[in-house]
Every structure is written in structure tokens, then in C-alpha cells.
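The block underneath contains the structure these notes are about, expressed in C-alpha cells.
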Amino acid sequence: MGQAFGVVGLEVMGRNIAQNIERNGFSVAVFNRTWAKTEDFMNGPAKGKKFQGAKTIEDFVKMIDRPRRILMMVKAGYPTDATIASLRPLLQDGDILIDGGNALYSDTERRIKELEGTGIKFFGMGVSGGEEGALWGPSIMPGGDVDAYQHLKPVLEKIAAKAPSDGAPCVTYCGANSAGHFVKMVHNGIEYGDMQLIAEAYDLLRTVGGMQPPELADVFAQWNRSELQSFLIEITSQILTKRDDLTGQPMVDVILDATGMKGTGKWTVQQAAELAAPVPTIASSLDARVVAAMKSERVAASKILQGPRPAPSFIDKKQLIDDVRHALYASKICSYAQGMNLLRIAGKTHEWGLQLGRIARIWKGGCIIRAQFLGRIKEAYDRNAELPNLLVDGEFAREMSDRQAGWRRAIALAVQHGLPMPTMMASLSYYDSYRRERLPASLTQAQRDFFGAHTYQRTDREGTFHTQWT
């Protein structure tokens, strides 16, 4: 009897998801390009369990029952293409090949086209939750052939995280072709925005509020018992309690302030620009990471450029904490609204049939952006699947109205003290732009017509017009 599932790639994510699959009742064949890594896995966490290790890719394929279900957990780009090339001549009609890495959705589209006519069903599948999620239950975002998904569904529903509210598995069929990888890309873009918003809230409370990490840890712990409850708020509280073993200082103070990134946030911003979907919160969080990485330039500039000197201020600390909480929550709603709107536009453009309520549901557990209010986002799209923007849902519109006074006070205070708040400011500008009936774009259109005869429309009659300005 063959193995029920196959996993290629035994780095941490591959090892962990393979263990997750086996623990949930499925026998697993594993293969890694380096036999020593397979051997190490078989003699370690796989020992005595329903695993079978293969020395060659040919032996690996022979081990798996048909239709074969093979999950690739290898690096994006060339390693993925090389793995597909090695498997392609060995697979048969109806076999399913899944890319579980963070692939650019257009690469997934290309791979699907390259496998047309072979009978091989290719899936691009987003997996979120990091190492722990892969082992104990990630959020899973598959996209590909809808009929082939029925062969994957029993496994994916078993290994996915379970939503805390109702225990439903955090996986759904996202749509045809590369829909799954696109959804995962947007998830990561929202994640970029979330992380930067939290960092700005921390900076304002610490620099202007004069609060030290232990006190801030308590604030974030309290917030995690409120409407802000989320994985990222929870780990922020834990991070702020940690002290460095070498110096005894708060760990957050000994970590260099130069942010890294792997590209999915950049892809989100690029695709949003292509689709004319505004994502200023996500875009500004990407810019913030780029500026943070310019550490040596910033150190030099700090000796030249003048501005307010940020310092603790004699303010009502309780009021500040409340204002920052409102600012963070309202800004997060804008970030999710932008991400969901990008998915809405992409789903229609590519004819994927994305169900935004279902996507919000599977993000409720397992993934990095899991948060309490995703349940309410799902409910908003259940009420109106064609909602043009999350902000105009009645419940969210009321919440934005209730929180905006504190939101504006927090940002104004940061500006007065010279603190950069690019992502919170971008969220507020997005909100103010979207709620305003008339924008100064009329002047922009006049300028375009002046220098390039690009024409314009009028407010009082139909048609396209051009003015001879000089």
C-alpha cells in the first residue's frame, strides 16, 4: 500500500507540515534534494510514525497512491521551477502538484500554463502561521482546479487551524488558477500594515508618553482583551516583557532598528498599482521598512536635519493610551478595508470568484493577522457580498466615527513631537479621502489638460472636454 500524501522539501516549514499531515491520520512520503536531510528527518521526528523517506525523486513518486497529492515546500523562484521539472515526467493524468511557498501569483499562472495538456493539476497554496502554524494548524489558501480540490479537501481541513469561535477549519477553496497565492500575498500586505501600525503606537506611547517596556507590555496585554485582540498584539506584549540575557536591557532596545522583508509586501503594492486599487496603509508600511533599513544614512542625517526633539510630555497618560488605542483600531480597519478591496477588484478582474467573507473567516485562526474582528468582517460581507468598501458597512462606519477624535489627537501629538507616523497618517488620509464628496482632483485634471491636452469631464454636462488654456 502506498503513501497517502507526498512532501518535497524538508526545511523547517516542510518538516513541520509533514508532521501535521501524519499526525492527522495520513501516511506521508518525504523527499529532499539532499538525502542527509531526509535521513535526519526519518531518524528524528518521523521515527516510528507513518513516514517513508525516498533517496530519489523517482522512488518518491512511486511511493504515493494515485491520484498523487504532492506538496512542494521549497524556495520560491528557480528552486520551485527545478522541482516541477524533476517531477513533471514522473507524474500522470490527474496527479495534483501543490506549491506551498510564497510564490508571486504571476509565476503560478505561468506554471499552470506550462503544465497544460499534461493532465497534472497545479495548485498555488498560501500557508500562513509560521513554523508553529505549519506544525499545529496554519491558515490555508488554496487555488486551482475546483474538481481536483475535492482530493485535497479532506487533508487540508484536517491540518488547518480551527477558528476559535466555531471550530471551523481555516481553509477554503479560494478560486481558480493563482487565486490562492494572490490571497496569501494580500494577507502578507495587510500583515506589513498591521506590524507598522503597532510599532507606531508603541513609539508614541514610549517616546511621548514616557512609558517603559514593562508598562507597555501591560498596556498591550490589556488591549489584547479588547476589540484589538489579535496574534500580533499578543506577541507584542510578550516581546516587551523580554530582557536580553547579555545586558539585562529590554530586548527591544538591543535589536537594531533596521527592518528586513522578503518581498510579499512589495508585490502587494505593485499589484494594487496595476489594478488601480489604493492601498496607502500597506504602501506606507513598505516605505517605512525601506527607510528603517537605511540605518547608516539615518544616523548621519540625524546630525544634520532639524525638527522637534521627541521627549516625554506632561499629558494625561490615560487619555493618551485611549487615544492611541482608538487610532490603532481605526487605522487597522482601514488597512483591512484596503486589502479586502484589492481582493474584490482582483477577483473580478481575473474572474476568480473570490468570496471575501470566506477569506475573512479562514484568517480568524492560524495565520499571522488572525484577530477577533475578522469575525465581524466576515459578517459585513455576509450582509452584503458586493460591499464596495468595508468602511461603508454600517457597523464599521459607526466605529470609525466613534474613534476618530482620539485618532486625530494621537496623530496630531506625534506630529507636534516630530515622530514619524507614516502608516497611521496614511490610514487617516485614506479615510478622509474616501468620505469626502469633492477632492482637489479637479485642479489636477486641469493641470493635465493644460500641459498635455488630456481632457476632462464636467460636473454639469456629459462628455469629454478640452480647454485652450493660453
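If you're matching positions, the sequence shown starts at -14 in our numbering and goes up one per residue. The beta-carbon is built from N, C-alpha and C at its ideal position, and this holds for glycine as well. All values reported here derive from a predicted model rather than from experimental measurement.
Item to check | Segments assigned alpha helix (DSSP H), at least 4 residues, entirely inside the segment 304 to 377 | outcome: Runs of the alpha helix (DSSP H) spanning 4 or more residues and lying entirely within the segment 304 to 377 occur at 341 to 347 and 359 to 368, in chain order.
Next on the checklist: Among the candidates GLY115, MET126, GLN357 and LEU120, whose CA atom is the shortest distance from the CA of ILE83?
Outcome noted: Comparing alpha-carbon positions, the option among GLY115, MET126, GLN357 and LEU120 lying closest to ILE83 turns out to be MET126.
Checklist entry - In whole angstroms, what is the alpha-carbon distance linking ARG446 and HIS439? => result For ARG446 and HIS439, the distance between alpha carbons rounds to 18 Å.
Item to check | Nearest-angstrom Cβ-Cβ length linking MET58 and GLY(-1), presumed shorter than 8 Å | outcome: Indeed, because the Cβ distance is near 3 Å, the residues count as touching under 8 Å.
Checklist entry - What's the C-alpha gap between ALA119 and ARG383? => result As the crow flies, the alpha-carbon of ALA119 is around 37 Å from that of ARG383.
Checklist entry - What three-state label does DSSP hand TYR441 in the structure shown? => result If DSSP states are grouped into helix, strand and coil, TYR441 belongs with the strands.
Checklist entry - Out of ASP92, LYS349 and ALA273, which has the shortest C-alpha to C-alpha gap to GLY165? => result The candidate whose alpha carbon is nearest that of GLY165 is ASP92.
Checklist entry - Taking DSSP as the reference, what is the three-state secondary structure of ILE183? => result Correct three-state label for ILE183: helix.
Checklist entry - Which first and last residues belong to the alpha helix (DSSP H) in which GLY379 is found? => result Membership of GLY379 in the alpha helix (DSSP H) is indicated by the continuous run 379 to 401.
Checklist entry - Between the Cα of THR192 and the Cα atoms of ALA148, ARG433 and HIS402, which residue gives the shortest distance? => result For the set ALA148, ARG433 and HIS402, the Cα lying nearest the Cα of THR192 is the one of HIS402.
Item to check | For PRO154, the residue or residues it bridges with in DSSP | outcome: PRO154 is bridged to LYS147.
Checklist entry - Of the choices ILE347, LEU375 and ASP301, whose alpha-carbon is the least far from that of ALA395? => result From the listed residues ILE347, LEU375 and ASP301, the smallest Cα separation to ALA395 is found for ASP301.
Next on the checklist: Just verifying my parser: in three-state terms, what is the DSSP assignment at ASP92?
Outcome noted: ASP92 carries a helical assignment under DSSP once its states are collapsed to helix, strand and coil.
Next on the checklist: Given a cut-off of 8 Å on the beta-carbon distance, is the pair ALA509 and ALA39 in contact?
Outcome noted: In the structure displayed, the chain extends from -14 to 455; residue 509 sits before or after that span and is not available.
Next on the checklist: Just to confirm the assignment, what range does the alpha helix (DSSP H) spanning ILE300 have?
Outcome noted: From DSSP, ILE300 is part of no alpha helix (DSSP H); its letter is neither H nor E.
Next on the checklist: Once the 5 residues before and after VAL239 are set aside, which same chain residues still bring their CB inside 7 Å of it?
Outcome noted: Counting only Cβ-Cβ distances below 7 Å, and skipping sequence neighbours, we find ASP229 and THR232.
Checklist entry - Which class does GLY165 belong to by DSSP, given the choice of helix, strand or coil? => result GLY165 sits in a helix when the DSSP states are folded into three classes.
Next on the checklist: Please return the same chain residues whose Cβ sits closer than 6 Å to the Cβ of ASN9, not counting the five positions on each side in sequence.
Outcome noted: Cβ within range, chain order: LYS143 and ILE144.
Item to check | Sequence ranges, alpha helix (DSSP H) only - wholly within the segment 21 to 98, length at least 4 | outcome: Listed in chain order, they are 42 to 47 and 63 to 72.
Item to check | Buried versus exposed, by CB contacts within 10 Å (16 or more), TRP454 | outcome: Exposed, because fewer than 16 other Cβ atoms sit within 10 Å of the Cβ of TRP454.
Checklist entry - Are VAL131 and ALA161 closer than 8 Å when you measure CB to CB? => result In this structure, ALA161 lies closer than 8 Å to VAL131 by Cβ.
Checklist entry - Does the Cβ of ASP151 have 16 or more other Cβ atoms within 10 Å, making it buried, or fewer, making it exposed? => result Here ASP151 is exposed. Its C-beta has fewer than 16 other C-beta atoms within 10 Å.
Checklist entry - How about the segment 168 to 182 and the segment 260 to 274: do they share at least three Cβ pairs that are nearer than 8 Å? => result Yes, since at least three Cβ pairs between the segment 168 to 182 and the segment 260 to 274 fall closer than 8 Å, the two stretches touch.
Checklist entry - Which stretch, first to last residue, makes up the alpha helix (DSSP H) that contains SER269? => result In the DSSP assignment, SER269 falls within the unbroken alpha helix (DSSP H) covering 265 to 278.
Checklist entry - Relative to the C-alpha of PRO293, which residue among LEU404, ARG73, TYR158 and LEU141 is closest? => result Closest in alpha carbon position to PRO293, among LEU404, ARG73, TYR158 and LEU141, is LEU404.
Item to check | C-alpha gap between MET196 and ILE218, whole angstroms | outcome: Looking at the two C-alpha atoms, the distance is approximately 17 Å.
Item to check | Whole-angstrom distance between SER412 and ARG54, CA atom to CA atom | outcome: Between ARG54 and SER412, the C-alpha separation is close to 42 Å.
Next on the checklist: Using only the alpha-carbon positions, how far apart do ARG393 and ARG73 sit?
Outcome noted: Taking the straight line joining both Cα atoms gives about 56 Å.
Item to check | Identity of the residue in SER427, LYS333, MET410 and PHE435 nearest LEU182 by Cα | outcome: Checking every option, the nearest Cα to that of LEU182 belongs to MET410.
Item to check | 8 Å CB neighbourhood of LEU328 in its chain, flanking five on each side removed | outcome: Result list for LEU328: PHE167, VAL168, VAL171, LEU339, LEU341 and ILE344, in chain order.
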